[in-house]
Amino acid sequence: MTIQVKDISKRFCSTQALDNVSVAFGENKIYGLLGNNGAGKSTLLNIITSRIFADNGTLNLDGVNMVDNDHALNQIYMLGEKNYYPESMRVKDALKWAQAFYPYFDHELALEIAQRFNLPLKKKITALSTGYTTIFKIVIALSSNAPFLLLDEPVLGLDAQHRDMFYKLLIECYTKNPCTIVISTHLIAEVAGIIEHCMIIKDGRVIKDAPCEALLHNGYTLTGPAALLDEYLLGKQVLSHSSLGGLKTASISGAIPNAEEIPPGLEIGKMNLQEYFIQLMSDENNSVARFMEDQ
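Numbering (our numbering), first residue to last: 80 to 374.
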């Protein structure tokens, strides 16, 4: 199955939240929907799940219109910001009721994940702390077994230990029950090792849509003695650098050089996704600034 988003736009008063967005989410792959706060990530996911409606464009599941289509929407679970459960409902009751609303929901798996997170089952959902409210949503999401799992900022409010647990559990569940996962986040460093395909969105426009490996091909890192590295960096476009003692590491924009082009004593590595993202946002901002100057 494939979700096809074609020429979707959405405006809220004077804000153009999405501007002719076209993307596709295929089977059994982990996507990263990446962008700064306010880029349009949540708006796109809410449109896919018919929580809000686009001003124009089409939204299909294998060529069939998804808008208000119960069969299509049953193939999707979205973890979002809002809590739709009654204020008086306890966690254990919510896990039972989830079976009635989500056709693929695994109640035993939900109880297992809840135990691993030490989620208090007898508490009312509204009495949970911010972190445990997020954990409650994660338990439902990972137990939904939906063919499409949309995770909108899934680790908000979690401490480092629980974030690590979540990412490990996500991969564990994906391995046992492959599905399409879309992680919408601005915490790029945390998901860089998980996602396979990047969709980068800025000001309501998708500016990159490609496998992560392809995006990172035009950059690299070098590590070595500071003096030697500084000499190599002359004339290069340096994205970032850091030093520890006499050693220095730098991220450089450009095609990855051949091994013989690297001075002995320097070690080459791949540029990471966060560095690429920062460079891309900087390039976009500079392009806009140049355009404004030319007007």
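Glycine included, C-beta positions come from ideal geometry on N, C-alpha and C.
Here ARG284 is not near ASP141, since their CB atoms are 7 Å or more apart.
Residue environment: CYS92 is assigned as exposed (fewer than 16 neighbouring CB atoms within 10 Å of its CB, all protein chains considered). Between ALA329 and LEU301, the gap from beta carbon to beta carbon is short of 7 Å. Non-local beta-carbon contacts of GLY348 in its own chain, meaning distances under 6 Å to residues more than five positions away in sequence, involve THR300 in chain order. Beta-bridge analysis with DSSP links THR94 to PHE91. In the three-state reduction of the DSSP assignment, LEU323 falls in the strand class. If you look at HIS150, you'll find it in the alpha helix (DSSP H) that goes 149–152. The stretch 143–204 contains, as complete alpha helix (DSSP H) runs of 4+ residues, the segments 149–152, 170–180, 186–195 (chain order). The beta carbon of GLU269 sits closer than 8 Å to those of VAL234, ARG242, TYR246, all from its chain and outside the five residues before and after it, given in chain order.
GLU339 and LEU308 have their alpha carbons spaced roughly 15 Å apart.
When the beta-carbon positions are compared, THR128 and ALA96 stay at least 7 Å from each other. Cα atoms of ILE87 and ILE126: separation of roughly 9 Å, rounded to the nearest angstrom.
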